[in-house]
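Asks:
Chains as they are written, first to last, in my numbering: chain E, 243 to 381; chain L, 235 to 492; chain S, 10 to 687.
Written as structure tokens, this is what we have:
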């Protein structure tokens, strides 16, 4: 049987995490190739709707990466992220989708290595969870 | 109930009464013939109030409100969608039967003008049963429920705290399904939008033509809000934690964002 | 400032939900569901919640218009009515009264339809009056009349909840009758078995206990097949068959020709599934059959209805609660329009125009001479217009340019008419071709009654004034009647009309407005102290014994060929209603389903090289339309589906006007078509 290769969506904020991802690339850090990066202006612009749409359409895992608290380009944008993403993850759990398919973390522009580490860990975690059951569901 | 006008000094009374062999919501003006007023059929008066309020711009409105209406009104007042000074609440206590149906933990209005407060309901057995299920069983349960949805928008339209003019659920970006049923995202989006304002009145579940247990879903989200932020919606003092910083300072001026 | 809540009845499907129209300063602004209403119980569907949206639409007709120099120009009521009267008189004297056709409307109230048929029969002097029931349940009225003696739903909507088995066929219940569909789901929650037989996978079939997909146009085969299984396994109700029915032996002989293997061959339903479904239906204590257009709109529609009646009678599922044969009627008042006699062969209350006694009774009641011979049907009228036998038409609230099969044919027929008058609320495709257009009041602007599919008579109440000069249809009909020189059109209110209708139609005998205010009355209700009737045929059938009809499978009128390899079937979707006149002017409904589409199975799509949302051309022998493809597994390979709401790609440009010989209903559900990339 083929090994399960999860399909993962990573929302990265423009000011920190996307630059962090860039740095990881420039430094040629090895990472699993499962991640599709979506650049957003702020982690706070990742509405829970995006996550729900992705998950209900069969994405195996969603990563939300933003600036560390205190470093937000918009001052308090990531405060909002810090509150709403855990709530969204829990809600997924309530309808039977493992909340561990959603992970929130902070990656600064200088943290290429952290980006590598978060991505690698998350891909491993999602691999353990197996494919998103929504793939098999037809409404 | 005529006393509402004199005692509370209101210009209008929003209540329910007998009409054409049915029970109808009615907005009475001072001096109108009241007919046979009724309090036993649970119309969600807060929802009707928001609709009426769009047209009645002046004068005080007295509303027959149950505890959940009262809490919904508190949420709306906080968001500047209703003017507290123009409202008079006439407290209506729910019957024990109604409390049981809603699995209501907070049935008693702050001032009781009608009825007697029933005992609050204990833990919600249907929520407990859902939380006991394995993840895959729970997903199976909800998929089977959501598959029945025929997108009437009743849960949204009858919700006392759903107030956006342009509803995101009508946006094809997030609910791209053509036809019915709408997919999982439809119900999740609605659940998260209500996270910090749902007062668990149960109107969504009551108006669902196909009996999707929406109140159970709401109760689970409310439980999360309590665990994560120690917040209970309907609190007239506290701002929604989703609209404050981690330290609890207000984050935006426009508090009435969805 | 005032905000009122006016209880009224929904203007869309035949379920008959009541709700409150919210009225602010005499303007309809919203809808609030009614919690105490027996039918809707505080729920509505998306169409119901948006039933206020079209009322104040700027497209509403506000002034009478008369065609001058090829242009419709605004005029006064006097001139417009005068023009209609003089033209009708001219045509009548030149070609005879039977060259005039009146189309009544299933969107108008009982009282109005009563006046329309009276107008045709008394004032004009012809039985040529029909309405769109011809296009939906004409085969039900004809078929059930022969089998049971009454052409209406045998049971009521709330009874669905308590059934042990519900067999749904040819009905996309959750989309077309959402609240009835919801009731079927409630029954399922309580443990009932729901069996859906439909060539499309509908939202209901996806949650059903069993879902069978037959080839379009093979329904007699599978119904006979089920009856065969039931008889050969001895599951039929012998006592019921012996005491209440006739013709069993002939039926048994015929269905013997439909063993499961043969049914599989004809209809494509796996034989084990058929046997299983038959056992489920036959072994249920209380089993209901619900059906709609998928059964009736065939060139053998009447036979299909009779086959379903056979199935119900063989298992004794008639005349008790939560059983029966239940046609789901699609328009708010299509039941009432039939009841009120807007049919060419029947007076109000299903009394034959060719019966001498009845004829005399109506001449006496109305005080004038009435034509003795039955009139022509709607479908027939357009054929006759083409041959020049029909010269003038008076159309109340119908849009045949969209709703009738083979639009090209209808268009040609209308262009041959010498005179066409249309009364409507919007400038429909038909109104655009008219010589005189009169603006009518919509459901929210008049009083009256609708009769729901389960025979419940429901009040319609005025919530606002009509826009501009528009008038309610009953006033227009009264004016026309008086101006045509006839007596018996001096009504001051719809209530007075109901009094007269109750006096001449025994099934409405006990109906009056005071009662409707208090309670829900279902006909037959012959006297004031009669409680109304929930379940029909409890003791005996209206014609004594129920009649089994040995019917054979016949292929549809048009079969697929090399050039037209697909079977095209048409129908509704959830968000729109019929010709879209009202729903496509409702913002939220239009947003949900803005564009015409054709459903194609992925297998076919791959073979044709079509992707989802691609533009395709669909053609039949009668025309072709261009629309976007919706690639979906919910439809059978080889079959395509087009909703008929969209004028820009009107499905009825393609459909076949082959008629059922008895009911003269056209075959909307099957025609041969081709699909290609556009």
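Cβ atoms here follow ideal geometry from the backbone N, Cα and C, with glycine treated the same way.
Contact between the region 512 to 530 of chain S and the region 128 to 138 of chain S is defined here as three or more beta-carbon pairs at a separation below 8 Å; is this criterion met?
Replies: no
Asks: Is DSSP giving residue 21 of chain S helix, strand or coil here?
Replies: Position 12 of the third chain, counting from 1, holds the residue named residue 21 of chain S. In the structure shown, residue 21 of chain S sits in coil (DSSP, three-state: anything other than H, G, I, E or B).
Asks: Between residue 286 of chain L and chain S, is the shortest Cβ-Cβ distance under 9 Å, so that the two count as touching?
Replies: Within the second chain, the letter at position 52 stands for residue 286 of chain L. Residue 286 of chain L counts as touching chain S.
Asks: With a Cβ-Cβ cutoff of 9 Å, do residue 118 of chain S and residue 483 of chain S count as a contact?
Replies: Locating residue 118 of chain S in the third chain gives position 109, counting from the first residue. Locating residue 483 of chain S in the third chain gives position 474, counting from the first residue. Against a cut-off of 9 Å, the Cβ pair of residue 483 of chain S and residue 118 of chain S comes out as a contact.
Asks: Could you please tell me which residues of the region 449 to 475 of chain L, in chain order, have their CB closer than 9 Å to any CB of chain S?
Replies: none
Asks: I want to see whether chain L comes within less than 9 Å of residue 376 of chain E, judged by CB atoms only; does it?
Replies: Within the first chain, the letter at position 134 stands for residue 376 of chain E. At least one chain L Cβ lies under 9 Å of residue 376 of chain E.
Asks: Would you grab the beta carbon distance between residue 455 of chain L and residue 333 of chain E for me? Rounded to a whole angstrom, and I think it's under 8 Å.
Replies: For the purposes of this step, residue 455 of chain L is identified with residue 221 of the second chain, where counting begins at 1. For the purposes of this step, residue 333 of chain E is identified with residue 91 of the first chain, where counting begins at 1. Your pair residue 455 of chain L and residue 333 of chain E checks out as a contact, with CB atoms roughly 6 Å apart and the cut at 8 Å.
Asks: Considering only DSSP beta bridges, list what residue 360 of chain S is partnered with.
Replies: The sequence position of residue 360 of chain S within the third chain is 351, counting from 1. When beta bridges are read from the DSSP output, residue 360 of chain S appears opposite S:356.
Asks: Hey, how far is the Cα of residue 82 of chain S from the Cα of residue 75 of chain S?
Replies: Here the question's residue 82 of chain S lines up with position 73 in the third chain. Here the question's residue 75 of chain S lines up with position 66 in the third chain. Roughly 5 Å separates the two Cα atoms.
Asks: Closer than 8 Å, Cβ to Cβ, to anything on chain S: give me those residues from the region 432 to 444 of chain L, in chain order.
Replies: 440, 441, 442, 443 and 444
Asks: Going by alpha carbons, who is nearest to residue 194 of chain S out of S:109, S:179, S:207 and S:174?
Replies: Position 185 of the third chain holds residue 194 of chain S. Of S:109, S:179, S:207 and S:174, the residue nearest in Cα terms is S:174.
Asks: Any idea if residue 80 of chain S is buried or exposed, counting beta-carbon neighbours within 10 angstroms, 16 or more meaning buried?
Replies: Mapped onto the third chain, residue 80 of chain S falls at position 71. When all chains shown are included, residue 80 of chain S counts as exposed.
Asks: With which residues is residue 80 of chain S paired in a DSSP beta bridge?
Replies: Residue mapping note: residue 80 of chain S aligns to position 71 of the third chain, counting from 1. Paired residue(s): S:77.
Asks: At a CB distance below 9 Å, what residues from the region 351 to 382 of chain L approach chain E? Give them in sequence order.
Replies: 364, 365, 367, 368, 369, 370, 371, 372, 373, 374, 375, 376, 377, 380 and 381
Asks: Within the 9 Å Cβ cut-off, does residue 344 of chain S reach chain L?
Replies: Along the third chain, one-based indexing puts residue 344 of chain S at 335. No, residue 344 of chain S does not count as interfacial toward chain L.
Asks: Please list the segments of the alpha helix (DSSP H) lying wholly inside the region 599 to 653 of chain S, counting only runs of 4 or more residues, in order along the chain.
Replies: 611 to 617
Asks: Along chain L, which residues have their Cβ under 8 Å away from the Cβ of residue 637 of chain S?
Replies: Sequence index remark: in the third chain, residue 637 of chain S carries index 628 (1-based). Going along chain L, no residue has its Cβ under 8 Å from residue 637 of chain S, so there is no contact; the nearest lies around 10 Å.
Asks: Would you verify that the beta carbon of residue 447 of chain L is, or is not, closer than 9 Å to some beta carbon of chain E?
Replies: Here residue 447 of chain L refers to the residue found at position 213 of the second chain. Answer no: the Cβ-Cβ gap between residue 447 of chain L and chain E never drops below 9 Å.
Asks: What residues in the region 391 to 407 of chain L bring their beta carbon closer than 8 Å to a beta carbon of chain S?
Replies: 391, 392 and 404
Asks: Would DSSP call residue 548 of chain S helix, strand or coil?
Replies: As a first step, residue 548 of chain S is located in the third chain; it is residue number 539 there, counting from the start. Residue 548 of chain S: coil per DSSP, three-state reduction.
Asks: Can you confirm whether residue 276 of chain L, when its beta carbon is compared against all beta carbons of chain S, has any partner nearer than 9 Å?
Replies: If you number the second chain from 1, residue 276 of chain L lands on position 42. So, interface residue.
Asks: Which of the three DSSP states is assigned to residue 364 of chain E in this structure?
Replies: Indexing the first chain from 1 puts residue 364 of chain E at position 122. Helix at residue 364 of chain E.
Asks: Around the Cβ of residue 492 of chain L, are there at least 16 other Cβ atoms within 10 angstroms (buried) or fewer (exposed)?
Replies: The count along the second chain starts at 1 and reaches residue 492 of chain L at position 258. Its pLDDT being 49, under 50, residue 492 of chain L is placed unreliably by the model, and nothing is read from it.
Asks: May I ask you to report which of helix, strand or coil DSSP gives residue 98 of chain S?
Replies: Counted from its first residue, the third chain places residue 98 of chain S at position 89. Assignment of residue 98 of chain S by DSSP, reduced to helix, strand and coil, places it in the helix class.
Asks: Suppose contacts are defined by Cβ-Cβ distances below 9 Å. Is residue 252 of chain E in contact with residue 304 of chain E by that definition?
Replies: As a working note, residue 252 of chain E is residue 10 in the first chain. As a working note, residue 304 of chain E is residue 62 in the first chain. With contacts defined by Cβ atoms closer than 9 Å, residue 252 of chain E and residue 304 of chain E form a contacting pair.
Asks: For the region 253 to 283 of chain L, which residues have a beta carbon sitting closer than 8 Å to at least one beta carbon of chain S?
Replies: Those residues of the region 253 to 283 of chain L that come within reach of chain S (Cβ to Cβ, closer than 8 Å) are 253, 254, 255, 256, 257, 258, 259, 260, 261, 263, 275, 276, 277 and 282.
Asks: What do you reckon, are the CB atoms on residue 625 of chain S and residue 619 of chain S nearer than 9 Å?
Replies: Position 616 of the third chain, counting from 1, holds the residue named residue 625 of chain S. Position 610 of the third chain, counting from 1, holds the residue named residue 619 of chain S. The answer is yes: Cβ separation under 9 Å.
Asks: Give the DSSP-derived three-state secondary structure of residue 31 of chain S in the structure shown.
Replies: Stepping through the third chain from its first residue, residue 31 of chain S is reached at position 22. Of the three classes helix, strand and coil, the one that applies to residue 31 of chain S here is strand, per DSSP.
Asks: Tell me whether residue 315 of chain L sits in a helix, a strand or coil according to DSSP, three-state version.
Replies: Within the second chain, numbered from 1, the residue matching residue 315 of chain L stands at position 81. Coil at residue 315 of chain L, not helix or strand.
Asks: Going along the chain, which residues of its own chain have a beta-carbon closer than 6 Å to the beta-carbon of residue 345 of chain L, five neighbours each way excluded?
Replies: Along the second chain, read from residue 1 onward, the residue named residue 345 of chain L stands at position 111. Within the same chain, residue 345 of chain L has close Cβ partners 325.
Asks: Please report the straight-line C-alpha distance between residue 490 of chain L and residue 430 of chain L, rounded to a whole angstrom.
Replies: Residue 490 of chain L sits at position 256 when you count from the first residue of the second chain. Residue 430 of chain L sits at position 196 when you count from the first residue of the second chain. Residue confidence is low: residue 490 of chain L scores 48 on pLDDT, short of 50, so the model does not pin down where it sits. No coordinate-derived value is stated.
Asks: If distances are taken between C-alpha atoms only, which option among S:200, S:590 and S:233 comes closest to residue 315 of chain S?
Replies: For the purposes of this step, residue 315 of chain S is taken as residue 306 along the third chain, with counting starting at 1. For the residues S:200, S:590 and S:233, the minimum Cα distance to residue 315 of chain S belongs to S:233.
Asks: First and last residue of the beta strand (DSSP E) that includes residue 251 of chain L?
Replies: In the second chain, residue 251 of chain L corresponds to position 17, counting from 1. Per DSSP, residue 251 of chain L is one residue of the beta strand (DSSP E) stretching across 246 to 253.
Asks: Check the Cβ of residue 318 of chain E against every Cβ in chain L and list those closer than 7 Å, keeping chain order.
Replies: As a first step, residue 318 of chain E must be located in the first chain, where it is residue number 76. Within chain L, the residues near residue 318 of chain E are 479 and 485.
Asks: Rank S:363, S:191, S:154 and S:341 by C-alpha distance to the C-alpha of residue 457 of chain S and give the top, closest one.
Replies: Position 448 of the third chain, counting from 1, holds the residue named residue 457 of chain S. With distances taken between Cα atoms, residue 457 of chain S lies closest to S:341.
Asks: Going by CA-CA distance only, name the one from S:245, S:343 and S:238 that's closest to residue 2 of chain S.
Replies: Since the first and last residues shown for chain S are 10 and 687, residue 2 of chain S lies out of range.
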